[in-house]
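Below is one structure, written out as structure tokens; comments come after it.
2 protein chains.
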Amino acid sequence: MNPTSSALPTPDEPTETGTRQIRDAIRDAIVERRLSPGTKLSESDVGNLFNVSRTLARAALQALSYEGLVSVEKNRGAFVAYPSPDEARQIFAARRLIEPGILREAAARITQSQIQHLRQLLLEESRLIGERGQTARRAEIKASGDFHLTLAAISGNTIMQRFMEELVARSSLVIALYGQSTISSCGHSEHGDIVSAIENKDLDRACHLMLHHIAHIEADLDLRERKGQGLKEAFDL
Amino acid sequence: MNPTSSALPTPDEPTETGTRQIRDAIRDAIVERRLSPGTKLSESDVGNLFNVSRTLARAALQALSYEGLVSVEKNRGAFVAYPSPDEARQIFAARRLIEPGILREAAARITQSQIQHLRQLLLEESRLIGERGQTARRAEIKASGDFHLTLAAISGNTIMQRFMEELVARSSLVIALYGQSTISSCGHSEHGDIVSAIENKDLDRACHLMLHHIAHIEADLDLRERKGQGLKEAFDL
DNA sequence: ACGCAAAAAATCGTATACAATTTGGCATCT
DNA sequence: AGATGCCAAATTGTATACGATTTTTTGCGT
Numbered sequence: 006m007n008p009t010s011s012a013l014p015t016p017d018e019p020t021e022t023g024t025r026q027i028r029d030a031i032r033d034a035i036v037e038r039r040l041s042p043g044t045k046l047s048e049s050d051v052g053n054l055f056n057v058s059r060t061l062a063r064a065a066l067q068a069l070s071y072e073g074l075v076s077v078e079k080n081r082g083a084f085v086a087y088p089s090p091d092e093a094r095q096i097f098a099a100r101r102l103i104e105p106g107i108l109r110e111a112a113a114r115i116t117q118s119q120i121q122h123l124r125q126l127l128l129e130e131s132r133l134i135g136e137r138g139q140t141a142r143r144a145e146i147k148a149s150g151d152f153h154l155t156l157a158a159i160s161g162n163t164i165m166q167r168f169m170e171e172l173v174a175r176s177s178l179v180i181a182l183y184g185q186s187t188i189s190s191c192g193h194s195e196h197g198d199i200v201s202a203i204e205n206k207d208l209d210r211a212c213h214l215m216l217h218h219i220a221h222i223e224a225d226l227d228l229r230e231r232k233g234q235g236l237k238e239a240f241d242l
Numbered sequence: 006m007n008p009t010s011s012a013l014p015t016p017d018e019p020t021e022t023g024t025r026q027i028r029d030a031i032r033d034a035i036v037e038r039r040l041s042p043g044t045k046l047s048e049s050d051v052g053n054l055f056n057v058s059r060t061l062a063r064a065a066l067q068a069l070s071y072e073g074l075v076s077v078e079k080n081r082g083a084f085v086a087y088p089s090p091d092e093a094r095q096i097f098a099a100r101r102l103i104e105p106g107i108l109r110e111a112a113a114r115i116t117q118s119q120i121q122h123l124r125q126l127l128l129e130e131s132r133l134i135g136e137r138g139q140t141a142r143r144a145e146i147k148a149s150g151d152f153h154l155t156l157a158a159i160s161g162n163t164i165m166q167r168f169m170e171e172l173v174a175r176s177s178l179v180i181a182l183y184g185q186s187t188i189s190s191c192g193h194s195e196h197g198d199i200v201s202a203i204e205n206k207d208l209d210r211a212c213h214l215m216l217h218h219i220a221h222i223e224a225d226l227d228l229r230e231r232k233g234q235g236l237k238e239a240f241d242l
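Those protein sequences? They're chains P and Y, same order as listed.
With this note's numbering applied, the first sequence covers 6 to 242.
With this note's numbering applied, the second sequence covers 6 to 242.
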């Protein structure tokens, strides 16, 4: 129906205003890697930080827990999720499973203006890659994920869109934990190739490129068990 | 690794005990259609019903809201979700998109004992179809969904498993709202055919059957806008 | 000094309390 | 009689309070 401005921000449904803000703020912080995996998120601290009571802080943390971005342990508190290698594999397996499908849907209903929107995203991404500094790096991470999210939005299925939001966010955590190469985001040129394939209506090629792209990200991971943040193991190698 | 007993009940992670029980109880009630779409779920009532404070009742309702089974409206309260025709289409589109993938994964790693487990589920399903009465009908609905959920469990991907749980639950709501035929569950024989195809290692056929199966369920729906439970439109036709 | 036990502090789990908003009813006016 | 405005009841939004559990600190004995 409408271009790309699908139901991304959710009109007004999610009940209270405060919880939503807090949830989104923390989620962004996690996705942009300003919060490291394993970081403790005390209810009181979160509440104080956002000037709300523990009630709302707790609600936000529980929501994030449902998305798999924070893990809450009974009577111990909430922590930024620390995905295990197995979880990481499942996250990427899930992406391999659903992204081709989303791509086909998106390609089927994509409009010219949406293609232009995608190209603009890519341009912005390139610009950020060129820049230096933490801020640019964080924006680059977000932009890289936004490409996949925009594709999901174009597909027109808000449910798949939400699934992808979760998977992209969790992928960011995985890359933060297990990523090897310094390049924080995934191969940028691959995004462009996918858009080109879509534009040429070559669906099979687009899907193939997408799978290759995901495999490429995954190949950059060193999926070995890592215990708590910094202990003996850190000095053994 | 292990047969079918994957991480279905989630060991102990989901924080508090009470909230989880309430959430599961209400979810079951919705899936088994003891709660109709649109039914108001007052926080006080829910709390009294389960002998807990509004705090826990509210937490449970918010969790269900995140799963799409209840919709909470600011300052108005929580209601059993009333999926729109468009939402219904998206739910089934999502299922068509991911179930073949799950099926392939499941077929790839299925063991003999898991096949037997599936066959046993089918047997139980047939038995329930034969029986009469509300209780049997409800059990039949649950069994029908359990087939798809078990397949997801066999696939070994807990993330996709959770997605499927949400989709199956929401499908139940959609069928309750828009289903036409009296037969509450989807074609039982189709489940059996899928298992056979898996057993014969005929993946393409299994996927084809699965898509056909989902289409079959969807074809039984009358996806036309229905406004609130009973108003003028109810008398116009 | 080191290890262990008990107390103190911090943090979570749940209930209750109060403020804000909505809903329904009653009185009043046209 | 019907419509309108206002007040009371009910319900949600948020904060605070209290009990339970975990973690840290402290102090003692060996």
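Cβ coordinates follow ideal geometry from the N, Cα and C atoms, glycine included.
CA nearest to the CA of residue i, picked from the options
i: I180/P; options: S89/P, I103/P, A157/P; result: S89/P
i: M255/P; options: S47/P, A98/P, E72/P; result: In this structure chain P extends from 6 to 242, so residue 255/P is not present and cannot be described.
i: R185/P; options: E195/P, R229/P, R101/P, E204/P; result: The sequence as given places Gln at residue 185/P; Arg does not occur at that position. It is R229/P whose Cα lies nearest to the Cα of Q185/P.
i: A211/P; options: Q26/P, F84/P, G106/P; result: G106/P
i: N205/Y; options: I120/Y, V57/Y, P42/Y, A220/Y; result: I120/Y
i: N80/P; options: Y87/P, R63/P, R94/P; result: R63/P
i: T155/P; options: R109/P, L123/P, V57/P, E37/P; result: L123/P
i: S76/P; options: G52/P, V51/P, G43/P; result: G43/P
i: I35/Y; options: S176/Y, F168/Y, H217/Y; result: S176/Y
i: R231/P; options: G82/P, A93/P, L61/P, D33/P; result: A93/P
i: R59/P; options: L46/P, I222/P, Y71/P; result: L46/P
i: Y183/Y; options: D209/Y, S41/Y, D151/Y; result: S41/Y
i: D207/Y; options: I96/Y, A113/Y, N162/Y; result: A113/Y
i: I199/Y; options: A141/Y, T22/Y, L108/Y, D33/Y; result: L108/Y
i: I103/P; options: H217/Y, I164/Y, N56/Y, S70/Y; result: I164/Y
i: S131/P; options: A224/P, F152/P, G73/P; result: F152/P
i: R55/P; options: A30/P, G73/P, E136/P; result: Note that residue 55/P is Phe in the sequence shown, not Arg. When only C-alpha atoms are compared, the closest one is A30/P.
i: S194/P; options: R137/P, L127/P, Q139/P, E136/P; result: L127/P
i: Q26/P; options: D50/P, E48/P, V57/P, S49/P; result: V57/P
i: L74/P; options: D33/P, L61/P, G135/P, D91/P; result: D33/P
i: S201/P; options: E136/P, I115/P, G150/P, L133/P; result: I115/P
i: Y71/P; options: H213/P, H217/P, F168/P; result: F168/P
i: E78/Y; options: G150/P, G52/P, E136/P, T22/P; result: T22/P
CB of residue i within 7 Å of CB of residue j, strictly
i: A111/Y; j: I146/Y; result: no
i: R28/P; j: A68/P; result: yes
i: A86/Y; j: L226/Y; result: no
i: E129/P; j: A148/P; result: yes
i: A83/Y; j: T24/Y; result: no
i: Q166/P; j: A174/P; result: no
i: G192/P; j: H221/P; result: yes
i: N1/P; j: Q125/Y; result: Not covered by the structure: residue 1/P. The range shown for chain P is 6 to 242.
i: E223/Y; j: R143/Y; result: no
i: I203/Y; j: R100/Y; result: no
Contacts that residue i makes with chain P (C-beta to C-beta distance below 7 Å)
i: I164/Y; result: Q95, I96, A99
i: F168/Y; result: F168
Contacts that residue i makes with chain Y (C-beta to C-beta distance below 9 Å)
i: A64/P; result: R63, A64, Q67
Interface residues of chain Y facing residue i [CB-CB closer than 7 Å]
i: F55/P; result: Those do not exist, as F55/P stays about 18 Å from chain Y at its closest Cβ, beyond 7 Å.
**Prompt:** Unbroken alpha helix (DSSP H) runs of length 4 or more, entirely within the stretch 106-156 of chain Y: which are they?
**Reply:** 117-135
**Asked** Counting only runs that start and end within the stretch 55-99 of chain P, where is the beta strand (DSSP E) found for 3 or more residues in a row?
**Response** 75-78, 82-85
**Prompt:** Listed in chain order, which residues of the stretch 103-116 of chain P have Cβ atoms closer than 8 Å to some Cβ of chain Y?
**Reply:** I103, G106, I107, E110
**Asked** Between the stretch 70-87 of chain P and chain Y, which residues of the former have CB atoms less than 8 Å from a CB of the latter, in chain order?
**Response** S70, Y71, G73, S76, V77, E78, K79
**Request:** Please specify which runs of the alpha helix (DSSP H), each continuous and at least 4 residues long, are wholly inside the stretch 188-231 of chain Y, giving them in chain order.
**Result:** 193-204, 208-224
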